[in-house]
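Participant: Input: one structure, supplied below.
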Amino acid sequence: MLSRLERVKLIDDAAFATDFVASRRVERGLSAREIARQLRTKGVAPDIIEAALAEVDEGAEYETARALGERKLRSMARLDPAVQTRRLAGQLARKGYAPQLVYRVVRELIGTAQLGDAVEAGF
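Converting from the sequence shown to this note's numbering requires adding 8 to each position, the first position being numbered 1.
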């Protein structure tokens, strides 16, 4: 039964994974690592996940994280820079971005001095 559905393209994991990657990156700003984790929990094969994420390189990952950070920062304009740093770093980390990328984006958007203070405070 499943093979028949696959033949008539009613079940297509590759198309699903490609669409899933595109929507999660654009709509939710998720990292490739988090998207891969979600696809694995849905039972998508590792080779299909890898193919769907092939177009997401480090530059694209950075651009997505930075755009997400800029949107978040606009909503926190009146907050203290240390609070902005903690909240922005937390949001990016929850979206699955690597610590180095989180640090880079926060440093670029908020500034090095505030980031240093937040790191000392244990962000």
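For every residue, glycine included, the Cβ atom is placed at its ideal position computed from N, Cα and C.
Is E69 helix, strand or coil when you go by DSSP?
Facilitator: As a working mapping, residue 69 is identified with position 61 in the sequence shown. E69: helix per DSSP, three-state reduction.
Participant: Helix, strand or coil for D27, going by three-state DSSP, please let me know.
Facilitator: For the purposes of this step, residue 27 is identified with residue 19 of the sequence shown, where counting begins at 1. D27 falls in the helix class under three-state DSSP.
Participant: Closer than 7 Å by C-beta to L38: which residues in its own chain qualify, once you throw out the five before and the five after it? Chain order, please.
Facilitator: Translated into the one-based positions of the sequence shown, residue 38 becomes position 30. Cβ within range, chain order: R32, K103, G104.
Participant: In terms of residue numbering, what span does the alpha helix (DSSP H) encompassing G98 cover?
Facilitator: Residue mapping note: residue 98 aligns to position 90 of the sequence shown, counting from 1. Note, G98: alpha helix (DSSP H), 89 to 102.
Participant: Would you report the Cα separation of S83 and P89, rounded to the nearest angstrom?
Facilitator: Within the sequence shown, numbered from 1, the residue matching residue 83 stands at position 75. Within the sequence shown, numbered from 1, the residue matching residue 89 stands at position 81. Near 13 Å, if we compare the C-alpha coordinates of P89 and S83.
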